[in-house]
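So the structure is just underneath, and the comments pick up after that.
In the numbering used here, the protein residues as written are 921 to 1010.
Okay, structure coming up:
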């Protein structure tokens, strides 16, 4: 299955208390991470329930994606797919 050229994973179903360090800890075993981003609600400043993990190498992102069923963050199973598009702001 062909995927667009990206090294970022979209991680959904994360809890409101999950921090970037939690995502980094769960994903860094698969390779070198370039960036972790969890969008916050404009008004509440709480997590919107999803985040992004960007790797330097596509192979590392693929390794994490291949193990997606094994990744649990703070005791909760998450949903992982390749991110579509580019991050709008940093």
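Positions of the beta carbon are idealized from the N, C-alpha and C atoms, including for glycine.
Check	Outcome
Please name the residue in 928, 933 and 927 whose C-alpha comes closest to that of residue 999.	933
With H, G and I counted as helix, E and B as strand and the rest as coil, what does DSSP make of residue 971?	strand
Within 10 angstroms of its Cβ, does residue 897 collect 16 or more other Cβ (buried), or is it exposed?	Residue 897 cannot be examined here, being either before or after the span of the chain that is shown, 921 to 1010.
Taking the alpha-carbon of residue 980 as reference, which of 943, 940 and 953 has the nearest alpha-carbon?	953
Are the CB atoms of residue 1003 and residue 972 within a distance shorter than 8 Å?	yes
Output the distance between the C-alpha atoms of residue 928 and residue 955, rounded to the nearest integer angstrom.	9 Å
Have a look at residue 994 and residue 942 and give me their C-alpha separation to the nearest angstrom.	8 Å
How long is the line joining the alpha carbons of residue 965 and residue 1001, rounded to whole angstroms?	24 Å
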